[in-house]
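Working notes for the structure below.
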Amino acid sequence: MRFANVVVFGAALPPLASAANFVRGNRVSEDTFKYDIEKCTDEKPCSLYLIRSRDKLPREGLLANNGETIEKQAGTGFTARIQNVPSGTYIFQATGGEDGKTTTTTQFTHGDIVFASDIFCHGIFSQDVSQDDFLSPGVHYGFVQFWFYSARNKGTVVDENFNGAIDNNDCPEFGDSCYVCPHSELYVTIQVWAGSKPLTVPVQTAYKPFRSERKWNEWLELPITYKSLPANSCLAITIWDLSPTGGKHAIGHAIPFGGTTLPMFDTDNQIQKGRQKCLVHRHKHADGRDNSTTPALVTEKKKASLRNGGGPLVDKDAEELDRMEKLFKKHEMGEIPRVDWLDQMVFRSFEKKGLQAAKSSMKMLQRQRALNGDNNGDHASDTDDDGLNDGRPNSSAFLLNVELPRFDFPVVFADHEYDPPPISALQPLSASQGTLPLHQPQVQFGPGINAMGESSDGFGVRLIKVYDPEVGQRDNPAEAKHRRLFRSSHRHGILDKDLKPNAKVRDELNLIMAYSPTHVLSPEEADLVWKFRYHLTRDKRALTKFVKSVNWSDQSESKQAIQVLGRWTEIDVDDALELLGPSFDNPAVRSYAVDRLRKADDHELLLYLLQLVQALKYEHISADSDQESIQDSSLACFLIQRAAANFMLGNYFYWYLMVECDDHSPEQGVDNRNIYRKVAYDFMTELVKQPSGTEDRKTLLRQAEMIAILSKVAADIKSSGESIAKKTDRLKHFLADPKNELLTFDPPLAMPLDPAIKITGIAPDQVAVFKSSLNPIKCTFKTTSGGTYPIIFKLGDDLRQDQLVIQIITLMDQLLQKENLDLKLSPYKILATSTTAGASQFVQSQSLSAIVSKYRTNPALAYLRHHNPDDRQPLGVRQETLDTYIKSCAGYCVITYILGVGDRHLDNLLLAPDGHFFHADFGFILGRDPKPFAPLMKLSKEMVECMGGMNSEQYNRFKQYCFLAYTALRKSSNLILNLFSLMLHANIPDIRLEPDKAVMKVRERFHLELSEEEAIVYFGNVIEGTLTAFAPVVIDKLHEWAQALRA
């Protein structure tokens, strides 16, 4: 980047010739210089010399007496002298600029000693006048506003920086400001800072001997590109002077004359351009830290603090002058159209404003002195440390003009802010994770992160959120080097093919093979798996560990790993599902997993279909590409082909895709929605190619029409505001109307919840509206077999979490039955048709709350005895019914414990007449519960009393079933954990809250670190602790009272 002309000016810079009779200097001591000021009087006239020369010899200009106007054409320089000034106020007028006609006036009073500093700092009378000559504040298009410094007092001032110059009587010092020696060799250093750290080395201006002005007129190029600048980057600019004796803050013989820090981007994130006026903080290095003590610009907050907290009074004219200066800058950069005649009028108006500002500043200065009780004090009492008056540079302040490159178009900072990953979720980065576009982790900052802090000068600044790359470092360079060295010796595998582990190593490998999918391999364990990879090809459990041990960024190692995959023993489905997760993105690995799924039948595939649809997010599918992207995704092709060939799979596959296409939440993202839309389109295209594909496609469209009609009527009923009875009548009339096409279906329609059921229409007389906030409706469909299929349709609720829980319960029931353990589970059908609607199967049953209110003594047993009496049995209930009740209680107790189902009360514990016990309403899972002191599982007193009490044989059987179910499901823990891993980005409410902890919460419930015997003892303690806990009893009673009040 280029850095432009640098000009320093201010009231403290002296003329290059003495001011005639105004000032005489006398040396008092070694380090003191005294200034004797002779005032002008009527008896003793004075002369004022105004000098502007480009050589050492000043040239005399025209003489003006008693306020006469000086007019002179532009030249190399001139000297103006005014003599015999009588008492009174006069105006000095100078002509210069581009047109040689525009005048600038400056007022001074008899007795004042006036140094027209800007005249000596700017070449407005140079031979070739251009805009580059007018870089100071008040200089705009050919005229200059003079800032004068007036001093009446005489005194003694010492400047520690210029002792050597004082000894030679070369450097006078006056008032509060230190005058720089006219021949001092000032230079400027510039450095880019960001985040309180320097980004570049300092760049210094070239040597230049100064004669009449402090103007470098030099472009500096900084060693950094614009695109590399952070948003908080700034320029730290320091002006240096040379001192033979050194001094405070000196670096060698260089002493900081002053410093300023200019931000590179403005408040709109546009890069600064054009001329910049920077305040110079005297005797300070430029501070490039975030809370800079040398800001180039005075913030509005500091101005307000100066005004309201003891600072000078508000100068309205000065504020107006600043505002006009900003407008002139826009005009100069072409942002405001130029109109010559109008510009001249504005320039003259600006002249008058400058005079008013000068008068106002003097009056305010006198008023401030009067308020401070110091009529003769120096100027230090009127300004702050930086020479600010009302937040505006006063006459003793130093300003630095910087010219930055200009561009035809705004240059705007644009970047994506990546949140730091949570430390708890950090894992060693495998190469297969390298390019996967995952969702950004959710980061919650503590309170006060956006509050205002305290800077060193007492003014608050916003705290900076810093991302430390060392926190959460995913790869250690030393370990990476060690891995490369170790694997280089086993790269070609010539000797590795015959390696056999000894007994000790074999035990270590067996321990590694037993790790759960969530376990992270250490570098030593990964090296061990890689070393004995050929030996482990006979162990199907070792494949996922081997894939995790491979450095997929190493092409040679990756190529060899793919070759080894073909020699591996066929893996189980749970391992294949793990390879389709977000941690594996290598196409060869994912294709290998899909090849294993091809061997699964449709019934088994249906158990994992919900997760396989979610796994499409991790495939390399471009939403904007053509058909080739789908063909490159082995999983997408596989699912489309199998779903098109089997309508049962196709039905659920279609509705799973529709829900994802309907998800407009920020977590889903536009890219994922487009991917699912493309897969849905390709599925429909493939479906019509099948023999019955055309009819199947029509069936899916008819299902969608039926769901749309039910959604409409549900919305109308919900918003009607009528009583439940009137809402029910409205629903009956709507469904009975033939125009709505729900009374009969011809041909019969496959039920979306269960395509095996064919429905012929709806029974209007068997509908109902439930009394709740969402007013779900119950619809009963007639089937081709002559029976009915009742459902509950709900609008306004996301059923995807309930759908996931029911799917896991169905899977667990299948796993238990494979272990010859039938616990009589009855997971009802449920299907989410969109993100805000869905249907669930209605199972004829009663809640334990209703049963308790009807039967006072041992209510659950009384209910079963009423529907299944048998006087020959000890409890008066048919043995088959009681067995069903005990088994289903055990099964649901274990499953709800593993899934962490919360908000359990007697209203969502249901009991069917045939003894089937089950849970409903899974709004809280993974340990979440709206009530405090929630138990680990729900086992109420009413449930145990139905078994005959805690000392009965049936209760002991219940515990035995619990132990068998828990140990059986622990054996399939990898499959369950992998299914939850695939659902991390499925926008499930309770998973979305803490996606990095969701799988770990399920894993904790399995307690895989315990042996089978220890796990049985632990689960027995859980059962006993639940029954003896007092809090659940109180919570159930409070819930009962709350429901009674609502009724």
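Using this note's numbering, read the sequence shown as starting at 1 and increasing by one per residue.
Glycine is no exception: its CB is placed at the ideal position from the N, C-alpha and C atoms.
Checklist entry - In terms of alpha-carbon separation, which member of Y187, E525 and M1000 lies closest to G927? => result If you number the sequence shown from 1, residue 927 lands on position 927. Just measuring C-alpha positions, the residue of Y187, E525 and M1000 sitting nearest G927 is M1000.
Checklist entry - Do you know offhand how far G537's Cα is from S952's? => result For the purposes of this step, residue 537 is identified with residue 537 of the sequence shown, where counting begins at 1. For the purposes of this step, residue 952 is identified with residue 952 of the sequence shown, where counting begins at 1. First, the residue type needs correcting, since residue 537 is Thr and not Gly in the sequence shown. In a straight line, the C-alpha of T537 is about 51 Å away from that of S952.
Next on the checklist: Across the segment 657–668 and the segment 593–612, are there enough close Cβ pairs to call them in contact, namely three or more that are closer than 8 Å?
Outcome noted: Taking a contact to require three or more Cβ pairs closer than 8 Å, the segment 657–668 and the segment 593–612 do not qualify as touching.
Item to check | N-terminal and C-terminal residue of the beta strand (DSSP E) that N401 is part of | outcome: If you number the sequence shown from 1, residue 401 lands on position 401. Per DSSP, N401 is one residue of the beta strand (DSSP E) stretching across F398 to L404.
Checklist entry - Helix or strand or just coil, what does DSSP make of A542? => result Mapped onto the sequence shown, residue 542 falls at position 542. It is helical.
Checklist entry - Just the Cα atoms here: how many angstroms apart are L977 and D539? => result By one-based count along the sequence shown, residue 977 stands at place 977. By one-based count along the sequence shown, residue 539 stands at place 539. Taking the straight line from one Cα to the other gives about 21 Å.
Item to check | Minimum C-alpha distance to F980 - residue among A860, S972, I991 and E479 | outcome: Working through the sequence shown from its first residue, we reach residue 980 at position 980. Of A860, S972, I991 and E479, the smallest CA-CA separation from F980 is found for I991.
Item to check | Validate contact between the segment 822–836 and the segment 911–923 using beta carbons, cut 8 Å, 3 pairs | outcome: The segment 822–836 vs the segment 911–923: in contact.
Checklist entry - Closest Cβ-Cβ distance between S711 and chain B: below 8 Å? => result Looking for chain B here will not work: only one protein chain is present.
Checklist entry - Counting along the chain, where does the alpha helix (DSSP H) carrying P995 start and finish? => result By 1-based counting over the sequence shown, the position of residue 995 is 995. Residues P995 to F1006.
Checklist entry - With 16 as the cutoff for other CB atoms within 10 Å, does G259 come out buried or exposed? => result Walking along the sequence shown from the start, residue 259 turns up at place 259. Residue environment analysis places G259 among the buried positions, since at least 16 neighbouring C-beta atoms fall within 10 angstroms of its C-beta.
Next on the checklist: I need the straight-line Cα distance from Y515 to F546, nearest angstrom please.
Outcome noted: Working through the sequence shown from its first residue, we reach residue 515 at position 515. Working through the sequence shown from its first residue, we reach residue 546 at position 546. Note on geometry: alpha-carbon atoms of Y515 and F546 lie some 12 Å from one another.
Item to check | C-beta contact flag for L731 and I759 at 8 Å | outcome: Counting from one through the sequence shown, the residue named residue 731 turns up at place 731. Counting from one through the sequence shown, the residue named residue 759 turns up at place 759. Not closer than 8 Å, so no.
Item to check | Rounded Cβ spacing between G761 and L743 (contact assumed at less than 8 Å) | outcome: One-based indexing of the sequence shown puts residue 761 at position 761. One-based indexing of the sequence shown puts residue 743 at position 743. Under the criterion of beta carbons closer than 8 Å, G761 and L743 qualify as touching, at roughly 5 Å.
Next on the checklist: Rounded to the nearest angstrom, what separates D671 and M983 at their Cα positions?
Outcome noted: Translated into positions along the sequence shown, residue 671 becomes position 671. Translated into positions along the sequence shown, residue 983 becomes position 983. Rounded to whole angstroms, D671 to M983 spans 18 Å at the Cα level.
Next on the checklist: Taking the alpha-carbon of A555 as reference, which of R487, L580, V594 and G581 has the nearest alpha-carbon?
Outcome noted: Counting from one through the sequence shown, the residue named residue 555 turns up at place 555. The identity of residue 555 in the sequence shown is Gln, whereas the question assumes Ala. That would be R487, whose Cα lies nearest to the Cα of Q555.
Next on the checklist: Only counting the same chain, and skipping five residues up and downstream in sequence, which positions put a Cβ closer than 6 Å to that of T780?
Outcome noted: As a working mapping, residue 780 is identified with position 780 in the sequence shown. By the criterion of a C-beta distance shorter than 6 Å, T780 is surrounded in its chain by A763, Q766, T788 and P790, once the five residues flanking it on both sides are discounted.
Checklist entry - Is the number of C-beta pairs between the segment 633–645 and the segment 591–606 that are closer than 8 Å three or more? => result Yes: the two stretches touch, three or more of their Cβ pairs being nearer than 8 Å.
Next on the checklist: Spatial neighbours of L242 within its chain, please: C-beta separation below 7 Å, excluding the five flanking residues on both sides.
Outcome noted: Position 242 of the sequence shown, counted from the first residue, corresponds to residue 242. Cβ within range, chain order: S184, E185, H253 and A254.
Next on the checklist: Going by beta-carbon coordinates alone, are V192 and L220 separated by less than 8 Å?
Outcome noted: Your numbering for residue 192 matches position 192 in the sequence shown. Your numbering for residue 220 matches position 220 in the sequence shown. Not in contact: V192 and L220 (Cβ atoms no closer than 8 Å).
Checklist entry - With 16 other CB atoms within 10 Å as the buried threshold, where does G902 fall? => result What you label residue 902 is simply residue 902 of the sequence shown in a count that begins at 1. Taking every protein chain shown into account, the CB of G902 has 16 or more other CB atoms within 10 angstroms, so this residue is buried.
Checklist entry - Among residues of its own chain, excluding the 5 on either side of P517, which ones have a beta-carbon nearer than 6 Å to its beta-carbon? => result The residue labelled residue 517 in the question sits at position 517 within the sequence shown. Same-chain partners within the cutoff: E578, N974, L977 and N978.
Next on the checklist: Among S772, I675 and W240, whose alpha-carbon lies nearest the alpha-carbon of S719?
Outcome noted: As a working note, residue 719 is residue 719 in the sequence shown. The candidate whose alpha carbon is nearest that of S719 is S772.
Checklist entry - If you check the beta carbons only, do V877 and R865 fall under 8 Å apart? => result Position 877 of the sequence shown, counting from 1, holds the residue named residue 877. Position 865 of the sequence shown, counting from 1, holds the residue named residue 865. At a Cβ-Cβ threshold of 8 Å, V877 and R865 count as neighbours.
Item to check | Under the three-state DSSP convention, the category D682 falls into | outcome: Start at 1 with the first residue of the sequence shown, and residue 682 comes out as number 682. DSSP places D682 in helix when its eight states are reduced to three.
Checklist entry - What residue range is occupied by the uninterrupted alpha helix (DSSP H) comprising L840? => result To locate residue 840, count along the sequence shown from 1; it is residue 840. In the sequence as displayed, the identity of residue 840 is Ser instead of Leu. For S840, there is no enclosing alpha helix (DSSP H); the enclosing beta strand (DSSP E) covers residues A837 to Q841.
Next on the checklist: Since T836 and G900 should fall inside the 8 Å C-beta cutoff, what is the C-beta to C-beta distance between them, to a whole number of angstroms?
Outcome noted: Along the sequence shown, read from residue 1 onward, the residue named residue 836 stands at position 836. Along the sequence shown, read from residue 1 onward, the residue named residue 900 stands at position 900. The pair is not a contact, with the Cβ atoms about 25 Å apart (cut-off 8 Å).
Checklist entry - Leaving out five residues before and five after L1010 in sequence, what residues of the same chain have Cβ atoms less than 7 Å from its Cβ? => result For the purposes of this step, residue 1010 is taken as residue 1010 along the sequence shown, with counting starting at 1. Cβ within range, chain order: Y1018.
Item to check | The alpha helix (DSSP H) enclosing V280, as first and last residue numbers | outcome: For this step, residue 280 is matched to residue 280 along the sequence shown. First-last for V280: G274 to R282, but that is the beta strand (DSSP E), not the alpha helix (DSSP H).
Item to check | Three-state secondary structure assigned by DSSP to K1037 | outcome: Taking the sequence shown and counting its residues from 1, one reaches residue 1037 at position 1037. Reduced to three states, the DSSP call for K1037 is helix.
Checklist entry - Going by Cα to Cα distance, which pick from L565, H519, K504 and A503 is closest to W530? => result One-based indexing of the sequence shown puts residue 530 at position 530. Of L565, H519, K504 and A503, the residue nearest in Cα terms is L565.
Item to check | Three-way DSSP call (helix, strand, coil) for G787 in this model | outcome: Counted from its first residue, the sequence shown places residue 787 at position 787. In this structure, G787 counts as coil in the three-state DSSP scheme.
Checklist entry - Looking only at its own chain, which residues have a Cβ that is under 6 Å from the Cβ of R904, when we skip the five neighbours before and after it? => result Within the sequence shown, the letter at position 904 stands for residue 904. Within the same chain, K938 come within 6 Å of R904 by CB-CB distance, once the 5 residues on both sides are set aside.
Checklist entry - Which term fits G61, buried or exposed, when burial requires 16 or more other beta carbons within 10 angstroms of its beta carbon? => result Taking the first residue of the sequence shown as position 1, residue 61 is located at position 61. Residue placement at G61 is flagged as unreliable, the pLDDT there being 36, under the threshold of 50; a coordinate-derived value is accordingly withheld.
Next on the checklist: For the beta strand (DSSP E) containing G1020, name the first residue and the last one.
Outcome noted: Position 1020 of the sequence shown holds residue 1020. In this chain, G1020 is not harboured by any beta strand (DSSP E); it is covered by the alpha helix (DSSP H) spanning E1012 to T1028.
Next on the checklist: Per the DSSP calculation, W240 is bridged to which residue(s)?
Outcome noted: To locate residue 240, count along the sequence shown from 1; it is residue 240. Y187 and P256.
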